[in-house]
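Residue numbers (my numbering): 82 to 375.
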């Protein structure tokens, strides 16, 4: 098969399309003929040598895909050859074929094309596991979504609004803020012109704060209000844990998609051989998801 190989750590130019061996299908896995693969910021970190795949995972980038099941390993009961699926991956999506645990498969949502479905697994599982399973966001509460125009951001705005939360979001242009508003954001903050910390505090009567990659905060409120600080990360989780997240996404997110309340926001779909260009786009100014088509 053909796959995108990272020649060496570096810029987008190190991504090369090569002939590589077909994946092996182990017990409990299926082989997918890839229709489309989602491009994520984590892929750019892997390209730079900062986010290596976990042991046993495919070395090729790509954390989500859609496609058609081509083979089924021993012990797989709920899926068969010919089923159209999308999948949360530990790697290997930038390829013509990928093997994945059956527990990380999702059916194609009704009303969504096979290609566009590739935009959902990684963002849906990241957002649901972090904001809902860990932080327990519920109706009537508020959530601040930084970078509302990213693949994660456009999805998070929609699903948070769907469950009844008040959505704050940031973006770097008035045009992007208008698009975030169309997705359901309630408070839009241009981080290039406004102090978003002040904006959030004003809107929450002084209760909101955020400070980038590092910062200081008072531990008093953390203790008094029994607050928690958590981080997101899917790739290194166990197969069992990923299957639990996928099951929750199927039960809670897929109905919102099928009702048209959460829609795929696709910025551009490019041929697999243009993976370098896809990485340039995702590291630049864009809105929504970028897909690669084998």
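Ideal Cβ placement from N, Cα and C applies to all residues, glycine included. Note that the coordinates shown come from a computational prediction; the quantities given were computed from them, not determined experimentally.
Between residue 84 and residue 372, is the Cβ-Cβ spacing less than 8 Å?
-> Here residue 84 refers to the residue found at position 3 when the chain shown is read from its first residue. Here residue 372 refers to the residue found at position 291 when the chain shown is read from its first residue. No, these two residues do not count as a Cβ contact at 8 Å.
Within this structure, are the beta carbons of residue 97 and residue 86 separated by less than 8 Å?
-> Against the chain shown, residue 97 aligns to sequence position 16. Against the chain shown, residue 86 aligns to sequence position 5. With contacts defined by Cβ atoms closer than 8 Å, residue 97 and residue 86 form a contacting pair.
Inter-residue CB distance, residue 154 and residue 181 (contact presumed, cutoff 8 Å) = Within the chain shown, numbered from 1, the residue matching residue 154 stands at position 73. Within the chain shown, numbered from 1, the residue matching residue 181 stands at position 100. About 10 Å; that fails the 8 Å criterion.
Contact check, residue 361 vs residue 93 under 8 Å by CB: the rounded distance?
-> The residue labelled residue 361 in the question sits at position 280 within the chain shown. The residue labelled residue 93 in the question sits at position 12 within the chain shown. Correct: roughly 5 Å between the Cβ atoms.
Have a look at the DSSP bridge pairing and note the partners of residue 251.
-> What you label residue 251 is simply residue 170 of the chain shown in a count that begins at 1. Beta-bridge partners assigned by DSSP to residue 251: 270.
So, residue 145 versus residue 183, is the Cβ gap smaller than 8 Å?
-> Translated into positions along the chain shown, residue 145 becomes position 64. Translated into positions along the chain shown, residue 183 becomes position 102. Not a contact, by the Cβ cut-off of 8 Å.
Beta strand (DSSP E) runs wholly inside the segment 218-262, at least 3 long, in chain order | Whole beta strand (DSSP E) segments, 3+ residues: 223-226 and 247-252.
In terms of residue numbering, what span does the alpha helix (DSSP H) encompassing residue 338 cover?
-> As a first step, residue 338 must be located in the chain shown, where it is residue number 257. Its alpha helix (DSSP H) spans residues 335-339.
To which residues of the same chain is residue 356 closer than 7 Å at the C-beta, ignoring the five residues directly before and after it?
-> Stepping through the chain shown from its first residue, residue 356 is reached at position 275. Closer than 7 Å at Cβ, skipping near neighbours: 85, 96, 175 and 373.
In three-state terms, what does DSSP make of residue 87?
-> As a position in the chain shown, residue 87 is number 6, starting the count at 1. In the structure shown, residue 87 adopts extended strand secondary structure according to DSSP, grouped into three states.
Reduced DSSP category for residue 158 - H, G, I as helix; E, B as strand; rest coil = Sequence index remark: in the chain shown, residue 158 carries index 77 (1-based). Coil at residue 158, not helix or strand.
Which listed residue (82, 319, 120 and 108) has its alpha carbon closest to that of residue 368 | Here residue 368 corresponds to residue number 287 of the chain shown, with the count starting at 1. Taking only the C-alpha atoms, the option nearest residue 368 is 120.
Closest to residue 88 by CA distance: which of 363, 140, 246 and 165 is it?
-> Mapped onto the chain shown, residue 88 falls at position 7. The option with the nearest alpha carbon to residue 88 is 140.
In three-state DSSP terms, what is residue 347?
-> For the purposes of this step, residue 347 is taken as residue 266 along the chain shown, with counting starting at 1. Three-state DSSP puts residue 347 in a strand.
Cα-Cα, which of 107, 103, 127 and 207 is closest to residue 315?
-> Taking the chain shown and counting its residues from 1, the one referred to as residue 315 is at position 234. Here the closest residue by C-alpha is 207.
Would you be able to state if there are at least three C-beta pairs under 8 Å between the segment 156-172 and the segment 344-355?
-> Contact between the segment 344-355 and the segment 156-172 is absent, because fewer than three Cβ pairs lie under 8 Å.
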